[in-house]
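Residue numbers (this note's numbering), protein chains in the order written: chain A, 1193 to 1409; chain B, 1193 to 1409.
Written out as C-alpha cells, the structure is:
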C-alpha cells in the first residue's frame, strides 16, 4: 500500500530539517519504505480538506490505504510497529524504547519548544530579554538529567530505536540556541544520529523540497 | 506479576487528581488490574535510588517484575497493550487511538502546561499579567481545533480508548483556569470521563493518599 505524507511547501526553517516531516522521513528511511510527499502551503493547511486529515492543521500527516494518521509520534510508532528496525523484539526492551519516544515528546520537547517560542514568537515583547534565561534554565534542567542518564552510552538503551530517533530529532531543535554544546555527550549523541545514512537521506529529501520550491524549480 | 507505581507522598495539588499517577491509576482501574503504590517525598524523588527508575526524577514510575517504565504515556500504552479495554482491536482503529494519546501529550498538553507555568511559577514576575492573555490564547487555539473536531461525538473515535483517557486527563488541568467552560462540548466530554466508574475509583484512591498523609493517618 503506497504511503503518502504531507510536508511544508516552503519550510519556515529554510530546509534546516527541523520541520516534523523530517522525523517521519527518517523513520521511513530506517525501515526502507518508499513514500510520496504532498506539499502544502500554510493556507492549505488551515482548509477543511487538510483539517479532515489533521484536526490541528499541521504537518505531517500519513496516509496508507484507508488509514489516516497525524501526530509525528503516532506516525513513527505505526511505522515502527509495521516494519522491523525501529523497535527491539523483546517485550520489555520494546516497552523501554517506547518509553523514550514519549519522554522525548512529553518531557524533553516542551521546554525546548518554549525556548523557540521565547526566541521567535515573543522576541519583540517587552519581557523577552529578562525572561529568556528562565526559559533556558528549564531546558538545561532536562538536559542535565538526560546527559547524566546517557553518560558514555551510544544510544539510550542497548541499540538504536525509535526512542533515539525521536530524542535526537527533539534535541536537534536546540542547535540554533547553542545550548547543546554545553553537553558534549548529548552533542555527540545527536551527531551519531545525524551520521546515520537514513537520517542523511531524509535530510537531503526535505532540503531538496526547499531548494526546488524556492527557485521555482 | 504484581504492579507497583510511585506517587507523591503529598501531592502539590492537594488531592485534586492532577498529579500524573491519577492517569495511571485510571488506566489500571479501566482494565481491572490491582496495583501497589510506593509514596515518595520530593527529596526522595531526586535521590539516586529513584533516578535509577526515572531519569527525570518524577512520578509515576511503573514496576512489574524486571520491567521498569517511566513516562505516563508509555506506562498507559503498556497497560493498554497488555490488557483489553483501552485500545480497539482493529489495527487501523488501534493506530487512531494511539494517535490521540500522542496528540493529547504533544499537541494539547504543552500549551496547557505553559499556562500552569505562567499562572504558578511565573506569577510573581514583572511580565506575569501582561503575558498571561497570550498564553491563554495559545491554549484556546488548540481547544478551538479540538472542539471543532469533537463536535457532538461522545469520544474522539467510535469508542472510549486510551486516547480519551489521556485527552480528558490533559484537559482536566484546565479546570482552575476556567477556560474549559468556554467550550461546552469539551466540558461535557471531560465530565463523561470523570463519570466513568474507573476514573472515580482512581480519583478516590489518590485523594485518600493526600487525606491520610495530611492528617498523619
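Here a beta-carbon is modelled for each residue, glycine too, at the ideal position from N, C-alpha and C. These numbers come from a predicted model, not from an experiment.
Would you report the Cα separation of residue i and residue j, rounded to the nearest angstrom?
i: residue 1393 of chain B; j: residue 1386 of chain B; result: 10 Å
i: residue 1269 of chain B; j: residue 1207 of chain B; result: 24 Å
i: residue 1401 of chain A; j: residue 1210 of chain A; result: 13 Å
i: residue 1390 of chain B; j: residue 1229 of chain A; result: 42 Å
i: residue 1279 of chain A; j: residue 1288 of chain A; result: 9 Å
i: residue 1367 of chain A; j: residue 1374 of chain A; result: 11 Å
i: residue 1264 of chain A; j: residue 1361 of chain A; result: 11 Å
i: residue 1377 of chain A; j: residue 1404 of chain B; result: 44 Å
i: residue 1291 of chain B; j: residue 1212 of chain A; result: 15 Å
i: residue 1243 of chain B; j: residue 1197 of chain B; result: 14 Å
i: residue 1370 of chain A; j: residue 1351 of chain A; result: 28 Å
i: residue 1413 of chain B; j: residue 1286 of chain B; result: Outside the modelled stretch of chain B, which goes from 1193 to 1409, sits residue 1413 of chain B, for which no answer is possible.
i: residue 1321 of chain B; j: residue 1295 of chain B; result: 29 Å
i: residue 1409 of chain A; j: residue 1236 of chain A; result: Because residue 1409 of chain A sits at a pLDDT of 47, beneath the cut-off of 50, its placement in the model cannot be relied upon, and the point is left open.
i: residue 1399 of chain A; j: residue 1204 of chain A; result: 12 Å
i: residue 1281 of chain A; j: residue 1302 of chain A; result: 30 Å
i: residue 1195 of chain A; j: residue 1326 of chain A; result: 42 Å
i: residue 1355 of chain B; j: residue 1312 of chain A; result: 31 Å
i: residue 1365 of chain A; j: residue 1239 of chain A; result: 28 Å
i: residue 1214 of chain A; j: residue 1305 of chain B; result: 26 Å
Under three-state DSSP, which class holds residue i?
i: residue 1223 of chain B; result: coil
i: residue 1409 of chain A; result: Only weak support is given to the placement of residue 1409 of chain A: the predicted model assigns it a pLDDT of 47, under 50, and the question is left unresolved by the model.
i: residue 1348 of chain B; result: coil
i: residue 1399 of chain B; result: helix
i: residue 1254 of chain A; result: strand
i: residue 1248 of chain B; result: coil
i: residue 1287 of chain A; result: helix
i: residue 1259 of chain B; result: strand
i: residue 1231 of chain B; result: strand
i: residue 1211 of chain B; result: coil
i: residue 1199 of chain B; result: strand
i: residue 1193 of chain A; result: coil
i: residue 1308 of chain A; result: helix
i: residue 1265 of chain A; result: helix
Answer yes or no: does any C-beta atom of chain A fall closer than 7 Å to that of residue i?
i: residue 1319 of chain B; result: yes
i: residue 1247 of chain B; result: yes
i: residue 1265 of chain B; result: yes
i: residue 1234 of chain B; result: no
i: residue 1398 of chain B; result: no
i: residue 1285 of chain B; result: no
i: residue 1352 of chain B; result: no
i: residue 1310 of chain B; result: no
i: residue 1341 of chain B; result: yes
i: residue 1261 of chain B; result: yes
i: residue 1290 of chain B; result: yes
i: residue 1297 of chain B; result: yes
i: residue 1402 of chain B; result: no
Using CA atoms only, rank isn't needed, just tell me which of the options is closest to residue i.
i: residue 1307 of chain B; options: B/1323, B/1265, B/1298, B/1234; result: B/1323
i: residue 1218 of chain A; options: A/1304, A/1381, A/1343, A/1267; result: A/1267
i: residue 1357 of chain A; options: A/1319, A/1243, A/1388, A/1199; result: A/1388
i: residue 1247 of chain B; options: A/1339, A/1376, A/1240; result: A/1339
i: residue 1297 of chain A; options: A/1319, A/1271, A/1313, A/1334; result: A/1334
i: residue 1234 of chain B; options: B/1355, B/1344, B/1199; result: B/1199
i: residue 1384 of chain A; options: A/1396, A/1344, A/1370, A/1398; result: A/1344
i: residue 1381 of chain A; options: A/1303, A/1258, A/1318, A/1359; result: A/1359
i: residue 1329 of chain B; options: B/1372, B/1251, B/1262; result: B/1372
i: residue 1231 of chain A; options: A/1193, A/1276, A/1254, A/1310; result: A/1254
i: residue 1314 of chain A; options: B/1313, B/1311, B/1241, B/1319; result: B/1319
i: residue 1260 of chain A; options: B/1395, B/1349, B/1354; result: B/1349
i: residue 1252 of chain B; options: B/1354, B/1301, B/1216; result: B/1216
i: residue 1223 of chain B; options: B/1275, B/1337, B/1300, B/1309; result: B/1275
i: residue 1341 of chain A; options: B/1221, B/1201, B/1249, B/1193; result: B/1249
i: residue 1331 of chain B; options: B/1316, B/1346, B/1258, B/1300; result: B/1300
Looking at the C-beta of residue i, does it have a partner C-beta in chain B at a distance below 7 Å?
i: residue 1356 of chain A; result: no
i: residue 1200 of chain A; result: no
i: residue 1337 of chain A; result: yes
i: residue 1302 of chain A; result: yes
i: residue 1394 of chain A; result: no
i: residue 1244 of chain A; result: no
i: residue 1405 of chain A; result: no
i: residue 1270 of chain A; result: yes
Minimum length 4: unbroken alpha helix (DSSP H) runs contained in the stretch 1312 to 1373 of chain B
The stretch 1312 to 1373 of chain B contains, as complete alpha helix (DSSP H) runs of 4+ residues, the segments 1320 to 1342, 1354 to 1364 (chain order).
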